[in-house]
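Colleague:
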Amino acid sequence: MQTNLADWIRDTPAGVEADSILRKCVHCGFCLATCPTYNLLGDELDSPRGRIYLMKQMLEGAPVTRRTQLHLDRCLTCRACETTCPSGVEYGKLVDIGRNVVEERVQRGAGDRFRRWFLKSTLPHGGLFGAALALGRMFRPLLPKALAAKVPRARPAGKIPAARHARRMLVLGGCVQPSIAPSINAAAARLLDRIGISLVDVPQAGCCGGVTFHLNYQDEALGYVRRNIDAWWPHVEAGAEAIVMTASGCGTTVKDYGHMLRHDKEYAAKAERIAAMTRDVSEVVAAERPSLARLFEGKSGAGRIAFQSPCTLQHGQKIVGSVETILKDAGFELTPVADPHLCCGSAGTYSILKPELSRRLLHGKVRALKAGRPEAIATANIGCLAHIETGTEIPVRHWIELVEERTAPRDGRG
Ligand code: SF4
Ligand code: SF4
């Protein structure tokens, strides 16, 4: 489409980037069919095409209003529209720019500001979040039923193997995952240890910055990004092969570090290198399928699983089919899941900031996941796991936990 950006943004880095993205959109509307908020609300302004048009008007100098903010807030940043778009419109990058402009020009109400401030001040800090979760678990019997259902059950880590292999990869601990489900990284470490790779957690690294960035505290998020790069860099120079992500949400963010710090002279090259060596754990496991196959030998009857592919895995990282293949290798039967491209409604902090829309998406997702009568639901992201768990009695696991259990030696060692 033709654009004519306003003087105040045209020649800035954000303006140049937004302009090149906007020009790719041909307004065909193919993206509408796969947009969860358009499916739910049926309003063009809650579709990718409508939001793109709103952002174009805003960047061309039209007044920015609460209405603009509302329609951008309702977007899940699931990026299903990017997967569908035949013109390669990078909607996710555009909406980051658009939200930043709206945030500067439209004052939020006091309650909304406090909620967003509170979320960015607690979630990225694992210690604070862990303490709150421990209290929630302790007082669960006293909590109202609806609130008690939101407190994730404990998932102990089990044994974590010492680093003993020449092949070493780093693993991101992250912010909320170590408190909600330390079992996930522990399972990844045990599985990879069995095929000759040691996973090393660098404690100086922490939250990937994704939650903070998408709450639009972008400068603060870039501080987390630089801290993680500083923490990992000595290990990268010492020969770590990859940086492994067990949460696809974090993986999407860390793979974007090069873009996030592209204007930072000191960090740009390092950020690019970190992004390039970042792998979702499914990419690491898929590359080791031959070694893994021998661990599955003689084991049958793994059970029926419904796999929920998080938006950050399928749309953010474009990883499609890998986890399903690994689960089948491990002997699981995958049950059919309708509309697998649709978001479950977790979407970072969306389930807290837009609870009604999130709840409707969750109900639809749980219905689709349960349709094939699975014994368990598998996912690849901690946010989706904790969210889906609130909507079903079926156990929800990270797929790496299920596969690791299939490779465990019968004597219980290792
Ligand atoms: S599918 Fe792509 S080109 Fe078509 S309207 Fe949507 S974003 Fe624009
Ligand atoms: S990111 Fe998701 S919710 Fe937002 S416009 Fe695209 S498809 Fe719709």
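Positions 2 to 415 (our numbering) are the ones given, in order, by the sequence shown. Glycine included, every Cβ here is placed at the ideal spot set by N, Cα and C.
On the three-state DSSP scale, how would you describe F31?
Modeller: Here F31 sits in helix by DSSP.
Colleague: Comparing the CB of I424 with every heavy atom of ligand 1, is any distance shorter than 8 angstroms?
Modeller: For the chain, the structure presents residues 2 to 415; residue 424 sits outside this window and is missing.
Colleague: Hey, would you say T213 sits closer than 9 angstroms to A243, going by beta carbons?
Modeller: Against a cut-off of 9 angstroms, the Cβ pair of A243 and T213 comes out as no contact.
Colleague: Counting only C-beta atoms, is C176 closer than 9 angstroms to chain C at any point?
Modeller: Of the chains in the structure shown, none is chain C; there is only one protein chain.
Colleague: Quick check: the Cα distance between L33 and P341, rounded to an integer number of angstroms?
Modeller: If you take the alpha carbons of L33 and P341, they lie about 16 angstroms apart.
Colleague: Quick one: residues in its chain with C-beta nearer than 6 angstroms to the C-beta of G51, no 5 flanking neighbours on either side, listed in chain order?
Modeller: Counting only Cβ-Cβ distances below 6 angstroms, and skipping sequence neighbours, we find E45.
Colleague: Within its chain, find whatever has a CB closer than 8 angstroms to the CB of V27; leave out the 5 residues flanking it on each side and keep chain order.
Modeller: Correct list, in chain order: M2, S88.
Colleague: Quick check: I98 and E221, are their CB atoms within less than 9 angstroms of each other?
Modeller: Going by C-beta atoms, I98 is not nearer than 9 angstroms to E221.
Colleague: With a threshold of 8 angstroms, establish whether the CB of P49 neighbours any heavy atom of ligand 1.
Modeller: Result yes, Cβ under 8 angstroms from ligand 1.
Colleague: Looking at ligand 1, does it come within less than 8 angstroms of S184, judged from the CB to the closest heavy atom?
Modeller: Outside the cutoff, so no.
Colleague: S21 by DSSP, collapsed to three states: which one?
Modeller: S21: helix per DSSP, three-state reduction.
Colleague: Starting from the C-beta of P125, find all residues in its chain whose C-beta is less than 8 angstroms away, skip the five residues before and the five after it, and write them out in chain order.
Modeller: Cβ within range, chain order: C176, G207, C208, G210, V212, T213, Y225.
Colleague: Tell me whether K25, by its Cβ, gets closer than 8 angstroms to a heavy atom of ligand 1.
Modeller: True, at least one ligand heavy atom lies under 8 angstroms from that Cβ.
Colleague: For V282, I'd like the list of residues in its chain whose CB is within less than 7 angstroms of its CB, leaving aside the five on either flank, ordered along the chain.
Modeller: Hits under 7 angstroms: A189, V245, M246, T247, I401.
Colleague: Does DSSP classify F297 as helix, strand or coil?
Modeller: Three-state result, F297: helix.
Colleague: Taking the straight line between their C-alpha atoms, what separation do you get for R360 and G197?
Modeller: C-alpha separation (whole angstroms): 42 angstroms.
Colleague: Should L143 be labelled buried (16 or more other beta-carbon atoms within 10 Å of its own) or exposed?
Modeller: The residue in question, L143, is exposed, as its Cβ has fewer than 16 Cβ neighbours within 10 Å.
Colleague: Could you give the DSSP three-state label for A377: helix, strand or coil?
Modeller: Three-state result, A377: strand.
Colleague: By Cβ distance below 6 angstroms, which residues in the same chain neighbour A63 in space, the five residues on each side in sequence not counted?
Modeller: Excluding positions up to five away in sequence, the list is empty.
Colleague: Rounded to the nearest angstrom, what separates T380 and N5 at their Cα positions?
Modeller: C-alpha separation (whole angstroms): 43 angstroms.
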